[in-house]
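In the working numbering, the protein residues as written are 31 to 408.
Ideal Cβ placement from N, Cα and C applies to all residues, glycine included.
As the structure is a prediction and not an experimental result, all values here were calculated from the model.
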């Protein structure tokens with residue numbers, strides 16, 4: 031990232047999504063969270079105009095594994111390697127350890143030919159596997175428009191599902207509850223009341239309100255949760271210090287306290303119109319604390335700040351009954367070996383049909399919203 035520089039990178043990345051900012055991605059590198067030793071070799075690409083001005087950029091890494099990606103290709107790797115191929119290393123255009131949808135083919139806002147630059151970036155990505163002798167390149171959680179650009183340049187398109195909360199001009203949390211059917215409304219009130227009666231209080235900390243002690247506490251929670259669930263933490267303690275130094279005005283750290291002590295926290299980043307929920311941790315096992323800290327507090331913050339969306343990460347059908355709705359996500363995959371490419375293409379066609387059916391079924395049959403309040407967006 032430092033070889034490209036903050037000004038040149040951010041002129042392309044813009045300010046709407048903090049995860050593709052120079053501040054966030056450089057913090058990943060400088061903290062050695064995304065580092066060759068962890069299997070993430072930075073290999074970002076740029077597209078220059080004839081005068082040498084950087085017109086477009088794309089985040090890119092050489093990966094020695096498929097951890098920390100959230101668009102799973104383990105089966106592809108296994109099949110290819112059993113057939114005698116070498117799947118790793120591969121190229122990955124993504125935000126490390128963050129299943130956040132956002133731009134990947136990024137162009138200067140003042141460029142007169144943005145479509146041409148996006149096409150050039152897509153073609154450049156597609157050329158790299160052959161040049162470097164790698165199995166392929168994977169662009170994950172890109173926009174639908176970027177997926178289409180890459181599909182026109184030899185990539186295979188893939189879809190997935192996340193669950194996002196949409197703000198329909200609610201003025202209060204009760205306004206949101208009024209849009210739900212009665213059973214879901216009562217359930218959410220019961221869950222929130224259970225946490226209140228257990229003696230918890232909550233705070234949302236940003237900017238200079240965040241202190242070293244808060245990051246120390248949150249890192250302890252983060253490690254406790256990752257150690258129990260996955261066995262290895264992706265993010266180093268230094269990452270949170272660098273995040274504070276470079277992006278603290280975009281941080282919203284929700285803390286849960288009991289008897290005067292902070293016992294849990296949820297790390298969110300603030301975009302232009304979206305609150306992105308990322309990491310959660312707790313040393314307290316009280317039921318419903320996770321839902322309150324991660325989901326309901328995020329909705330409160332979005333309503334208070336007039337944000338359009340809460341994006342609470344990958345997976346999680348349990349989010350549906352709490353007001354989060356299915357949204358299609360997109361990725362694009364270029365595979366160099368013709369046999370692997372054909373096999374994956376057949377799989378993706380079947381998967382895409384199943385995901386679209388699932389999304390429609392969830393929206394029609396399991397939506398928590400009253401019939402006349404359903405959001406038609408997919």
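Contacting residues, own chain, Cβ-Cβ under 8 Å from residue i (five flanking each side not counted)
| i | result |
| --- | --- |
| residue 194 | 339, 340, 341, 342, 354, 355, 357 |
| residue 317 | 224 |
| residue 240 | 274, 278, 281, 283 |
| residue 374 | 106, 186, 363, 365 |
| residue 115 | 165, 367, 370 |
| residue 133 | 43, 44, 47, 50, 172, 173, 176 |
| residue 350 | 193, 356, 392, 396, 397, 398 |
| residue 324 | 284, 296, 307, 310, 342 |
Rounded distance between the beta-carbons of residue j and residue i, thought under 8 Å
| i | j | result |
| --- | --- | --- |
| residue 168 | residue 367 | Not really, about 14 Å apart at Cβ, beyond 8 Å. |
| residue 326 | residue 49 | No, residue 326 and residue 49 are not in contact; Cβ-Cβ is about 23 Å, not under 8 Å. |
| residue 127 | residue 277 | Actually they do not touch by this definition, with Cβ atoms about 15 Å apart. |
| residue 58 | residue 269 | 7 Å |
| residue 344 | residue 129 | 4 Å |
| residue 299 | residue 308 | 6 Å |
Same chain, Cβ closer than 7 Å to residue i, five either side skipped, listed in chain order
| i | result |
| --- | --- |
| residue 243 | none |
| residue 179 | 135, 148, 149, 152 |
| residue 38 | 84 |
| residue 71 | 91, 92 |
| residue 214 | 351, 398 |
| residue 160 | 366 |
| residue 36 | 52 |
| residue 389 | 191, 356, 358, 408 |
Proximal residues to residue i (C-beta, below 6 Å), its chain only, five neighbours per side dropped
| i | result |
| --- | --- |
| residue 156 | 183, 184, 364 |
| residue 117 | 107, 110, 111, 165 |
| residue 94 | 69, 118, 119 |
| residue 303 | 337, 338 |
| residue 245 | 270 |
Check whether residue i and residue j have beta carbons under 8 Å apart
| i | j | result |
| --- | --- | --- |
| residue 230 | residue 319 | yes |
| residue 101 | residue 119 | no |
| residue 283 | residue 337 | no |
| residue 409 | residue 197 | What is shown of the chain runs 31 to 408, which leaves residue 409 out entirely. |
| residue 297 | residue 60 | no |
| residue 65 | residue 89 | no |
| residue 67 | residue 52 | no |
| residue 207 | residue 191 | no |
| residue 62 | residue 266 | yes |
| residue 124 | residue 99 | yes |
| residue 329 | residue 203 | yes |
| residue 209 | residue 400 | yes |
| residue 222 | residue 322 | yes |
Exposure label - residue i; buried when at least 16 CB within 10 Å
| i | result |
| --- | --- |
| residue 47 | buried |
| residue 295 | buried |
| residue 216 | exposed |
| residue 391 | exposed |
| residue 360 | buried |
| residue 45 | exposed |
| residue 313 | exposed |
| residue 310 | buried |
| residue 163 | exposed |
| residue 398 | buried |
| residue 122 | buried |
| residue 227 | exposed |
| residue 80 | exposed |
| residue 33 | exposed |
| residue 247 | buried |
| residue 237 | exposed |
| residue 103 | buried |
| residue 383 | exposed |
| residue 131 | buried |
beta-carbon residue i near the ligand NAD non-hydrogen atom, thresh 7 Å
| i | result |
| --- | --- |
| residue 387 | In terms of ligand content, the structure shown is empty, and the ligand NAD therefore cannot be addressed. |
Minimum Cβ-Cβ distance from residue i to chain B less than 8 Å
| i | result |
| --- | --- |
| residue 370 | Within the model displayed, chain B is absent; a lone protein chain is all it includes. |
Q | Segment contact, 8 Å Cβ cut-off, at least three pairs: the segment 168 to 188 with the segment 369 to 381 | A | Result yes; three or more Cβ-Cβ pairs closer than 8 Å.
Q: Determine, using beta-carbon pairs with one atom in the segment 280 to 293 and one in the segment 72 to 92, whether at least three such pairs fall under 8 Å.
A: With a cut-off of 8 Å, the segment 72 to 92 and the segment 280 to 293 do not count as touching, because too few Cβ pairs lie within range.
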